[in-house]
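Sequential numbering from 24 applies to the sequence shown in the numbering used here.
Every residue gets a Cβ at the ideal spot worked out from N, C-alpha and C, and that includes glycine.
As the structure is a computational prediction, the values presented were derived from the model and not from experiment.
Down below is the structure, laid out as structure tokens.
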Amino acid sequence: MKVTTKIAPVAMMIIFGDGLHNFIDGMSIGAGFSQSLSTGLSMSIAIACEEFPHELGDFAILVNSGMHVKKALLFNFLSACTSFGGLALGIILGELQVNFIFAFAGGLFLYVSLADLADSMFGKYYVGKGWQERKPDMECISKSDLGSG
């Protein structure tokens with residue numbers, strides 16, 4: 024008799040979100056290589072440095088949400104494979120739309136970091152408080168992310 028454990032919904036959110044994230048990473052790398060070898064290599068190294076801890080964290084969340092280790096490795100691998108589709112699209116579109124691709128990828132990275140930062144900084148502090156109490160701190164974070172504060 025096979026015992027099944029219930030997998031938390033957050034596991035599927037992690038898998039799909041990571042797949043999209045990896046697709047965008049692949050597009051960035053492809054666009055970088057379409058510009059020059061050095062740009063492509065530097066983008067690859069930067070993204071690899073970001074991806075290693077990211078994938079470890081995703082794997083830990085998948086296992087912690089009730090997924091078996093082998094299944095978590097498989098789904099983590101499959102979501103990582105979406106980067107190859109992004110790579111192909113980035114190479115194809117890189118000659119024409121490199122600025123758009125880099126802006127889109129940069130916006131994605133900025134959103135993820137800002138969402139994580141804001142939640143960890145203000146999540147517990149602002150429980151039960153309204154927008155007016157949050158506004159000055161959010162303006163400060165926004166200005167610092169824009170480089171003007």
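Opening and closing residue of the alpha helix (DSSP H) in which residue i lies
i   : result
H44 : 32–58
Nearest-angstrom beta carbon gap, residue j and residue i [assumed within contact, 8 Å]
i    : j   : result
I84  : V33 : 7 Å
G117 : A54 : 4 Å
I30  : M90 : 5 Å
Evaluate contact between the segment 46–62 and the segment 109–123, counting only Cβ atoms and requiring at least three cross-stretch pairs below 8 Å.
yes
Any contact of the segment 31–41 with the segment 86–101, i.e. 3+ C-beta pairs under 8 Å?
yes
Give, in chain order, every unbroken run of the alpha helix (DSSP H) that is at least 4 residues long and sits entirely within the segment 65–103.
none
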